[in-house]
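Numbering (our numbering), first residue to last: 77 to 350.
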């Protein structure tokens, strides 16, 4: 019996049949990145459906990051997704797997300001909402392709100054925090969210409003138990897989906490929702 109580089994949509067919072809034939798939007409014949139905399925497969289509050339298996280990300590490049060994990770400073944290950031950092914080926004590229938009929020009470020249030239923020203030991750707690990109994410990650992103919000804690960084990382969902391992017990970033995670410049009026 199905959900409507009629006893009838719902038939899969025709385009879903084609979607499943293509996924099966990739898996069963052990196809790799760049391998060509059957043409639209061939898939229509194999699945006994219309060309229109095949095109709908290919649109869905493209959106999910399983295939790439080149006008006038054909349909191909998409590049392998990058595996990210966001809870693993160390430089970002060391946490990414599945890319060419020779690829370079470049960092672009998008913005840097001092402002007033939202209640969520303040709670994560265990500070009063009125205490000033740094907000550092950076874009990470693998090769020349934007892959990750990062925001770090640091209390001025712990980090009174930053090396702005170092950050502007792509230097490591967390290397600086370790060298200048002795802050290194001993524990990281994170919450994952799948959503559509906001305007900042669309602009810098070259996405559309229909794309999906994975946002990881978290807090970094040192060996003494001091929360020194409330961060957010935004990844294009179709390009990444995430591997996480760890222990439970702490709860610094509440998964159910609603409301904005933002920093408002001092002197500016609150916007709707803050």
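In this text, a Cβ means the ideal position worked out from N, Cα and C, and glycines have one as well. All values derive from a computational prediction rather than experimental measurement.
Which of the three DSSP states is assigned to residue i in this structure?
| i | result |
| --- | --- |
| residue 284 | coil |
| residue 319 | coil |
| residue 190 | strand |
| residue 306 | strand |
| residue 349 | Because residue 349 sits at a pLDDT of 47, beneath the cut-off of 50, its placement in the model cannot be relied upon, and the following sentence gives the value as read from the coordinates. Reduced to three states, the DSSP call for residue 349 is coil. |
| residue 99 | helix |
| residue 275 | helix |
| residue 105 | coil |
| residue 94 | helix |
| residue 198 | helix |
| residue 340 | strand |
| residue 314 | helix |
| residue 128 | helix |
| residue 182 | strand |
| residue 260 | coil |
| residue 151 | strand |
Over the uninterrupted beta strand (DSSP E) stretch that includes residue i, give me the two end residues.
| i | result |
| --- | --- |
| residue 294 | 289-297 |
| residue 269 | 263-271 |
| residue 225 | 221-231 |
| residue 159 | 158-160 |
| residue 143 | 143-146 |
Can you grab the Cα-Cα spacing for the pair residue i / residue j, in whole Å?
| i | j | result |
| --- | --- | --- |
| residue 127 | residue 116 | 6 Å |
| residue 109 | residue 204 | 50 Å |
| residue 241 | residue 252 | 12 Å |
| residue 140 | residue 199 | 35 Å |
| residue 316 | residue 209 | 30 Å |
| residue 77 | residue 260 | A caution first: residue 77 carries a pLDDT of 46, below 50, which makes its placement in the model too unreliable to give a value. |
| residue 180 | residue 132 | 36 Å |
| residue 159 | residue 318 | 6 Å |
| residue 301 | residue 278 | 35 Å |
| residue 281 | residue 271 | 14 Å |
| residue 157 | residue 343 | 43 Å |
| residue 340 | residue 196 | 13 Å |
| residue 243 | residue 338 | 21 Å |
| residue 79 | residue 91 | Low local confidence applies: a pLDDT of 48 at residue 79 is under 50, so the model's placement there is unreliable, with the coordinate-based value given in what follows. If I take the Cα positions, the gap works out to 22 Å. |
Since residue i contacts residue j with CB under 8 Å, what's their CB separation in whole angstroms?
| i | j | result |
| --- | --- | --- |
| residue 98 | residue 113 | 6 Å |
| residue 107 | residue 153 | 5 Å |
| residue 266 | residue 247 | Contact doesn't hold; Cβ gap of about 24 Å is too wide. |
| residue 212 | residue 249 | 6 Å |
| residue 119 | residue 130 | 5 Å |
| residue 229 | residue 307 | 7 Å |
| residue 215 | residue 190 | That belief does not hold up - the Cβ atoms of residue 215 and residue 190 are roughly 20 Å apart, past 8 Å. |
| residue 289 | residue 273 | 5 Å |
| residue 303 | residue 201 | 5 Å |
Could you spell out where the alpha helix (DSSP H) holding residue i opens and where it closes?
| i | result |
| --- | --- |
| residue 211 | Per DSSP, residue 211 belongs to no alpha helix (DSSP H); it is in the beta strand (DSSP E), 209-218. |
| residue 251 | 249-257 |
| residue 245 | Here residue 245 belongs to no alpha helix (DSSP H), and DSSP marks it neither H nor E. |
| residue 72 | Here the chain comprises residues numbered 77 to 350, so residue 72 is not present and cannot be evaluated. |
| residue 205 | It is not in any alpha helix (DSSP H) - residue 205 carries neither H nor E in the DSSP assignment. |
| residue 119 | 116-123 |
For the ligand ZN, I want to know if residue i counts as a neighbour, meaning its beta carbon is within less than 7 Å of at least one of the ligand's heavy atoms.
| i | result |
| --- | --- |
| residue 297 | The ligand ZN is not among the ligands present in this structure, which contains no ligands whatsoever. |
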